[in-house]
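Note that the UniProt record's numbering has the sequence shown beginning at 1, numbered continuously upward.
Here's the structure we're looking at; comments come further down.
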Amino acid sequence: MNGSQHILAAFHRHNISTVFGYPGGCIMPLYDALVDDVGMEHVLCRHEQACALAADGYARASGQLGVCIATSGPGATNLITGVANAYMDSIPLLVITGQVPSGLIGTDAFQETDILGMTLGIVKHSYLVDDPEDLPGILEEAIDLAQAGRPGPVWIDIPKDILLSEIEAPAPACTEAPPADCPEIGPALAMLKSARRPLLYSGGGVSLAGAEDRFRTFAEVSGLPGVVTLKGIGNAGRNNPNDLGMLGMHGSRAANKAVDECDLLFVIGARLDDRATGKLDGFAPNARMIHIDADAAEINKLRPADLSLRGDLNAILAALTDAIAAEPLAIDAWQKQCRTWHTTGGFRAADNEEPLAPITGPAFIRQLSGITGDDTVIACDVGQHQMWAA
């Protein structure tokens, strides 16, 4: 098999069946291989930026790895905005670009750019393939890395001659990652039991870990009042009476009040973004903090944690749920106070019932929310309407 055929073989081994792309000179060998691969769906976009954004959206909606391909030079640079978007939201993305032939690299050849140098800050890892025999191993490593731990984009830049080269190296076998450990939960449990006003603060890391069901069970069994980030909306489910909604500068009054009054902040899969915290020295001023995150770089980055945990989030939540079910938390007064704040401090979006009267944005969003189900996917641009939807 040549290099292009090895790429498609790797996709099939990993059950990748959809690729978003736009053709061009240095990626054409891969397109030639795609013609003969009836099991691979290629989505032809009208611009490379759309390829990256579509692959990002596909990964979010499906839970699978998003894949996009483009040619060298302007084709590769056009991908950058979509790749940066995936990086900021920890979306698993595999980016494959063609590059000028190996012998022309560094000569300012037609449509040659140092795309790896340009994108170092927006990828988990990147590769420039300089030996055809390395390609099969790089593909396996890149596919695994994009989805492991905290997901994100991985970029492979492949010279055209390597896409065409016959490769004798055998395709490596897929290896399953070893199960993640569950750390000792005793200290976290002790902090939860000793707190009088504990607050659950969750973000997009819950869904990235595939822990939505475990999280909802934990939230229900523990009875912890909870706040969420923009990416964490929906973590606790629609009907949890202790869910106070989104916190931060665009968040609910109840959520921000609870943060201000809590004495323990239990952070799960959130990065303490400035839009959520405001000035850090005034954020949850009276609270100790437990921080669970897949990415060690996020722990203690902005605020020191009194206790941090890393491991399999599903296992951690299951262990905490079982322990609290056996010995419930004594937080009835705190629950009641948070529910009162939630009931009396909600957003106002009154409808105008006059005939032909214009409907306000918040009122429209509220009515839309009333007819959508838990499985509805809401796609927003960025702006005030996104905050209404949140």
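Just so it is clear, CB atoms sit at the ideal spot from N, CA and C, and this is done for glycine as well.
Spatial neighbours of residue i in its chain, beta-carbon cut-off 8 angstroms, leaving aside the 5 residues before and after
i	result
Ser126	Leu116, Thr119, Leu120, Val154, Trp155, Ile156, Asp157
Arg46	Tyr22
Leu189	Leu320, Ala323, Ile324
Pro241	Arg339
Neighbourhood of residue i by C-beta, 7 angstroms cutoff - its chain only, sequence neighbours within 5 removed
i	result
Leu104	Glu112
Met1	Ala9, Ile167
residue 412	Not covered by the structure: residue 412. The range shown for the chain is 1 to 390.
His385	Gly361
Val377	Ala61
Ala258	Leu199, Pro225, Val227, Leu244, Cys338, Trp341
Cys380	Gln386, Ala389
residue 424	Because the chain spans 1 through 390 in this model, residue 424 falls outside it and cannot be assessed.
Residues near residue i in its chain [Cβ-Cβ closer than 6 angstroms; skip 5 each side]
i	result
Gly98	Cys26, Ile27, Thr71, Ser72, Lys160
Gln5	Ala33
Local conformation of residue i per DSSP, three classes
i	result
Val123	coil
His47	coil
His291	strand
Thr113	coil
Glu168	coil
Ile158	strand
Thr81	helix
His385	helix
residue 435	Any property of residue 435 remains undetermined from this structure, which presents the chain solely from 1 to 390.
His14	coil
Glu41	strand
Cα-Cα separation between residue i and residue j, rounded to whole angstroms
i	j	result
Gly237	Cys68	32 angstroms
Cys51	Arg60	14 angstroms
Pro101	Ala33	18 angstroms
Asp130	Ala76	18 angstroms
Gly210	Thr107	46 angstroms
Asp263	Ile359	41 angstroms
Asn78	Lys231	26 angstroms
Leu151	Val19	For the record, residue 151 in the displayed sequence is Pro; it is not Leu. Each residue's Cα considered, the two are about 18 angstroms apart.
Gly137	Leu368	48 angstroms
Gly66	Pro170	25 angstroms
Asp375	Lys124	30 angstroms
Pro29	Leu128	17 angstroms
residue 396	Ile185	Limits of the chain in this structure are 1 at one end and 390 at the other, which puts residue 396 out of reach.
residue 391	Leu356	Residue 391 is absent from the structure shown; the chain starts at 1 and stops at 390.
residue 391	Gly311	The structure shown does not extend to residue 391, since the chain spans only 1 to 390, so no value can be given for it.
Asp260	Leu280	12 angstroms
Gly223	Ala276	23 angstroms
Extent of the continuous beta strand (DSSP E) to which residue i belongs
i	result
Cys68	66-70
Leu94	93-99
Gly373	It is not in any beta strand (DSSP E) - Gly373 carries neither H nor E in the DSSP assignment.
Val19	18-21
Residue range of the alpha helix (DSSP H) that includes residue i
i	result
Met1	Segment: none, Met1 is in no alpha helix (DSSP H) and carries neither H nor E.
Val35	28-35
Contact test: residue i Cβ vs the ligand COA heavy atom, cutoff 7 angstroms
i	result
Asp161	The ligand COA is not among the ligands present in this structure, which contains no ligands whatsoever.
> What are the complete alpha helix (DSSP H) segments, minimum 4 residues, inside the segment 310-365?
Replying inline: 313-326, 332-344
> Quick one: complete alpha helix (DSSP H) runs, 4+ long, within the UniProt domain "Thiamine pyrophosphate enzyme central" (188-320)?
Replying inline: 205-208, 212-222, 253-261, 274-277
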